[in-house]
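**Q**
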Amino acid sequence: MTPVRDWGEAILTSFAAAMALFFGAIPKIIGFVVILIVGWIVAGLLATAVAALLRAVRFDDLAERSGFAGFVRQTGVRADAAGVVADAVKWFVRLIALVAAFDALGLPAVSSVLEQLLLWLPNLVVALVALVLAGLAANALHGLVRGATAQAGFGNPELLASIARVAVWGFGIVAAVDQVGIGQTLVNTLFTGLVVALALALGVSMGLGGSGIAGRIVSGWYRGARLTEPGVVATAGGEAQAPGPGSSALGFDIPELTRRTLALEADRQSLGNVLTIRLPVRAEDVTVDKQAFVTEEVAVRPSRVDDVVRIEETIRREQLRVDTRGDVEIDERGLADADRRPPDQATGPGHEDRPRRGPRVPDDSSGP
């Protein structure tokens with residue numbers, strides 16, 4: 027090691043080297059600042075343009091239907107769906123500006139990390155698009171399954187529709203997580219295990235204790251399907267059969283229970299062929315005419331479309347009551363007499379005001 031003989035010369039040499047390094051870094055610092063400023067300005071302008079474009083094409087309505095807007099609100103973000111997408115675009119452009127700025131500054135380690143993040147962002151965008159599409163498909167399938175199962179006479183269409191929605195959301199979430207690359211093996215294993223566990227639980231429950239329930243469910247489905255055929259009615263015995271002579275259009279055939287009759291305070295001519303009745307008994311206990319459809323509601327469909335408004339007004343005006351006080355047979359002549367009277371003057375058994383869905387009162391006076 028050469029000893030320092032002139033301390034003044036050594037200090038001057040070191041200072042000159044430091045100043046040369048500083049002045050050499052000034053262009054890099056200026057480039058870093060300029061790139062950041064330009065990138066921030068461009069990102070803001072591009073975000074504003076994207077937000078305006080999305081609002082012009084009513085992207086917020088699409089986000090509401092898919093459920094994405096609700097998810098955004100639950101995260102605590104106050105911006106709408108278009109604003110969230112615009113902010114994502116803004117930060118994407120800012121990351122590009124940061125990568126270029128750190129490259130100009132001569133810090134390759136920082137720029138390398140930002141490049142990895144920048145390359146990962148397209149996967150995040152694809153995952154978000156997959157979630158939006160899954161939400162749209164789930165909501166559409168929910169409505170489709172609910173309508174189809176209600177039309178087919180299933181007992182709980184809302185439950186089946188919810189199961190279909192959850193299934194679609196599950197597949198969408200798995201696809202999104204797989205695209206992002208977060209714990210792909212773990213997520214796939216958990217999803218497979220969940221499906222297998224549900225299948226085993228269903229099989230064991232049906233084999234050990236649910237066979238009778240499953241039989242009743244299938245029998246109910248069969249009776250509901252039979253009720254959609256012309257001229258077929260349901261009886262308390264569980265068999266679908268054609269109505270016999272003299273059977274009324276609306277009534278109950280429950281020999282083992284207290285008989286229940288429906289007293290309709292309305293004019294049949296004004297009602298036409300439409301009436302919506304919410305029944306306080308099971309659908310399989312109901313005897314209806316061949317034009318009716320038995321589910322939670324009995325809906326006799328109109329024969330003429332131009333009568334719908336008048337019929338709906340009549341239904342809102344009239345009240346349907348259930349007489350559970352005794353073993354009363356339906357009297358066609360009595361109903362016809364009641365039908366000829368104005369709704370506000372109808373009298374007789376079963377015409378007193380009482381709640382539409384009151385508790386069922388057994389008739390102790392009737393025989394077994």
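Each residue of the sequence shown is one higher than the last, beginning at 27 in the numbering used here. The beta carbon of each residue, even a glycine, is placed where N, CA and C say it ideally should be.
(1) Could you tell me the distance, in whole angstroms, from the CA atom of A163 to the CA atom of W117?
(2) Can you say whether L157 is buried or exposed, counting buried as having 16 or more other CB atoms within 10 angstroms of its CB?
(3) Using 8 Å as the threshold, is the C-beta distance between A130 and I61 below it?
(4) Is the CB-CB distance between G207 and N165 below 8 Å?
(5) Under 8 Å: do the region 75 to 89 and the region 131 to 145 share three or more Cβ pairs, one atom per stretch?
(6) Beta-carbon within less than 8 Å of F197's beta-carbon, same chain only, minus the 5 sequence neighbours each way: which residues are those?
(7) Are the CB atoms of A112 and A73 nearer to each other than 8 Å?
(8) Which of the three DSSP states, helix, strand or coil, is assigned to D204?
(9) Assuming A123 and W66 form a contact by the criterion Cβ under 8 Å, report the distance between their Cβ atoms to the nearest whole angstrom.
(10) Hey, out of V103, V110, A36, R120, whose CA is closest to G70's CA?
(11) Taking the alpha carbon of V152 as the point to measure from, which residue in A135, G169, A202 has its own alpha carbon closest?
(12) Measure the C-alpha to C-alpha separation of V64 and A44 and round it to an integer number of angstroms.
(13) Pop quiz: A190 and P183 are said to be a contact at Cβ under 8 Å. What is the actual Cβ separation, rounded to whole angstroms?
(14) Classify V119 as helix, strand or coil using the three-state DSSP reduction.
(15) Within the same chain, show all residues whose beta-carbon is closer than 7 Å to that of V115, passing over the 5 residues directly before and after it, in chain order.
(16) Rounded to the nearest angstrom, what separates V221 and R84 at their Cα positions?
**A** Looking at the atomic coordinates:
(1) On the sequence shown, position 137 is the one that residue 163 refers to. On the sequence shown, position 91 is the one that residue 117 refers to. If you take the alpha carbons of A163 and W117, they lie about 29 Å apart.
(2) To locate residue 157, count along the sequence shown from 1; it is residue 131. L157 counts as buried, since no fewer than 16 other beta carbons sit within 10 angstroms of its beta carbon.
(3) Numbered from its first residue, the sequence shown carries residue 130 at position 104. Numbered from its first residue, the sequence shown carries residue 61 at position 35. Contact check for A130 against I61 passes: the beta carbons are separated by less than 8 Å.
(4) Along the sequence shown, one-based indexing puts residue 207 at 181. Along the sequence shown, one-based indexing puts residue 165 at 139. Taking a C-beta distance under 8 Å as the contact criterion, G207 and N165 do not qualify as a contact pair.
(5) Counting Cβ pairs under 8 Å, fewer than three are found: no touch.
(6) Counting from 1 along the sequence shown, the entry for residue 197 is found at position 171. Answer for F197: A160, listed in chain order.
(7) Taking the first residue of the sequence shown as 1, we reach residue 112 at position 86. Taking the first residue of the sequence shown as 1, we reach residue 73 at position 47. Cβ distance < 8 Å, so A112 and A73 count as in contact.
(8) Here the question's residue 204 lines up with position 178 in the sequence shown. Note: D204 maps to helix in three-state DSSP.
(9) As a working mapping, residue 123 is identified with position 97 in the sequence shown. As a working mapping, residue 66 is identified with position 40 in the sequence shown. By a beta-carbon distance limit of 8 Å, A123 contacts W66. Their separation comes to about 7 Å.
(10) Position 44 of the sequence shown, counting from 1, holds the residue named residue 70. Nearest C-alpha to G70 among V103, V110, A36, R120: R120.
(11) Counting from 1 along the sequence shown, the entry for residue 152 is found at position 126. The residue with the shortest Cα to Cα distance from V152 is A202.
(12) The residue you call residue 64 lines up with position 38 of the sequence shown. The residue you call residue 44 lines up with position 18 of the sequence shown. Distance from the CA of V64 to the CA of A44, rounded to the nearest whole angstrom, comes to 30 Å.
(13) Here residue 190 refers to the residue found at position 164 of the sequence shown. Here residue 183 refers to the residue found at position 157 of the sequence shown. About 10 Å; that fails the 8 Å criterion.
(14) On the sequence shown, residue 119 is found 93 positions in, with the first residue counted as 1. DSSP places V119 in helix when its eight states are reduced to three.
(15) Taking the sequence shown and counting its residues from 1, the one referred to as residue 115 is at position 89. Closer than 7 Å at the Cβ level, and outside the excluded window around V115, lie L72, A73, V76.
(16) Taking the first residue of the sequence shown as 1, we reach residue 221 at position 195. Taking the first residue of the sequence shown as 1, we reach residue 84 at position 58. Rounded to whole angstroms, V221 to R84 spans 38 Å at the Cα level.
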